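Structure, as structure tokens:
Residue numbers (the numbering used here): 4 to 125.
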């Protein structure tokens, strides 16, 4: 029986109200528990932030960060990191494919002879 088909008898209404009240009590208990746990942590963070805001070194740090606010990440990311390319490979050309015909490889792919097309316009 779906909710729409269920008759709203006084017993059904009382059961629904009891279920709602139980759920509401759970939510209230969870909220109170979180207030006891989270509120002191947030207050501590706010106090630390207020102390840091008074520190001239922290204000200089924030000002330095603000100068880079509009930098493009692609231009600045990894500037202070070493290159991931090993030094002995830096600046060398990438390997080129080998012409297996020059090696007289019998298993080299067959190259279509030039001018063997059956079309007259080629």
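Cβ atoms here follow ideal geometry from the backbone N, Cα and C, with glycine treated the same way.
Given the structure is predicted, the values throughout are model-derived calculations rather than measurements.
Can you give the Cα-Cα distance for residue i and residue j, rounded to whole angstroms?
| i | j | result |
| --- | --- | --- |
| residue 125 | residue 71 | Because the pLDDT of residue 125 is 49, which lies under 50, any placement of that residue in the model is unreliable, and the question is left without a value. |
| residue 103 | residue 68 | 56 Å |
| residue 22 | residue 59 | 56 Å |
| residue 12 | residue 29 | 26 Å |
| residue 37 | residue 27 | 15 Å |
| residue 10 | residue 31 | 30 Å |
| residue 111 | residue 100 | 12 Å |
| residue 49 | residue 33 | 23 Å |
| residue 64 | residue 35 | 38 Å |
Going by the CB atoms, is the gap between residue j and residue i shorter than 8 Å?
| i | j | result |
| --- | --- | --- |
| residue 61 | residue 55 | yes |
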